[in-house]
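Chains G and L are the protein sequences, given in the same order.
One point on numbering: in the UniProt record's numbering, the residue at position 22 of the first sequence is 22, and numbering is uninterrupted.
One point on numbering: in the UniProt record's numbering, the residue at position 91 of the second sequence is 91, and numbering is uninterrupted.
Below is one structure, written out as structure tokens; comments come after it.
There are 2 protein chains.
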Amino acid sequence: MIDPYNDEYFMKQALAEAQKAFDRDEIPVGAVVVANKKIIARSHNLSEVLNDVTAHAEMQAITAAANHLGGKYLIDCTLYVTLEPCVMCAGALSWAQISKIVYGASDDKRGAGRFDTSLYHPKTEISGGIMAEECSEIMQRFFANKRK
Amino acid sequence: MIDPYNDEYFMKQALAEAQKAFDRDEIPVGAVVVANKKIIARSHNLSEVLNDVTAHAEMQAITAAANHLGGKYLIDCTLYVTLEPCVMCAGALSWAQISKIVYGASDDKRGAGRFDTSLYHPKTEISGGIMAEECSEIMQRFFANKRK
């Protein structure tokens, strides 16, 4: 039987969050945290609105998910995020000991994957490239608008 | 003339913040952000109280300083922190483009300095070992209490 709650399903939810960021003139990155096939946190980048470099989608998702769970560790949780996490977010996700990270588009310039040594927790499974085209497209559309 | 507002003066303020964390049963790390010889933000680790891995002293200091300045970049600011920043905090400080980071004790296990490639912004000046003994001592005292 086909599972409708697959990676693509949850990445679409993260993309809907990215669109909310886009609509607020924020770099369009969105995230959801999933536990037992249920979304327990949704967030999008708010760095400009909050005037705060720490307000990345992933950071807010970690805080919201921990709040929901009543514990600061996100073991048995999966983060879906439209863009590859940066150094800050990889470090935070490592502290949270999250089980799995699924990201859409790669970020060759700012992504955490560009270092020789992994910045993630050794027990965290990383999966990139889910709906990468759609996740890239919204970023390209945002920056194309900025250049106009 | 001797400048009373030297690195040691500001690190003592960061240590006072670390003591506040200690008193709340938090891993005792404290930080202050200084601009034009004035402290514009003070913070201490609140990971347990807030149930949030992102609540490191540095992260709160970045948010508070940006709030004070009305801009998210901490150019011309110095962060004084009692412990070497971790990956998450180094990443956040890089986004903030902070001019200088002065830390007390090194953190060989979790510190951002253990990677071959710097995690900091290329323009950020890093200075470690200021009042390292005092900054280490409060950590050792905290963990010794925990083992009792």
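Just so you know, even glycine gets a beta-carbon here, dropped at the ideal spot from N, CA and C.
Only a predicted model underlies this, so the values are computations on that prediction, with no experimental measurement involved.
In terms of Cα proximity to G70(L), the closest of Y80(G), L50(G), G104(G), D76(G) is L50(G).
By the beta-carbon neighbour count (other beta carbons within 10 angstroms, threshold 16), I98(G) is buried. Under the Cβ criterion (8 Å, minimum of three pairs), the stretch 121-129 of chain G does not count as touching the stretch 80-90 of chain L.
Assignment of E134(L) by DSSP, reduced to helix, strand and coil, places it in the helix class. Not a single C-beta of chain G is nearer than 8 Å to the C-beta of V29(L). With a threshold of 8 Å between beta carbons, S99(L) makes no contact with chain G. Here the stretch 32-48 of chain L does not lie against the stretch 21-30 of chain G, with fewer than 3 beta-carbon pairs under 8 Å apart. The Cβ-Cβ distance between I138(G) and E8(G) does not fall below 8 Å. Excluding five sequence positions before and after Q60(G), the CB atoms of its chain that fall closer than 6 Å to its own CB belong to S43, given in chain order. Look at E8(G) here: in three-state DSSP terms it is helix. Under the 8 Å criterion on CB atoms, A61(L) is classed as non-interfacial with respect to chain G. Taking C-alpha positions only, Q19(G) is separated from Q13(G) by approximately 10 Å. The beta carbon of K109(L) does not come within 8 Å of any beta carbon belonging to chain G, so the residue lies off that interface. The criterion of a C-beta distance shorter than 8 Å is not satisfied by A112(L) and S136(L). In this structure, DSSP gives E125(L) an extended state, which the three-state scheme calls strand.
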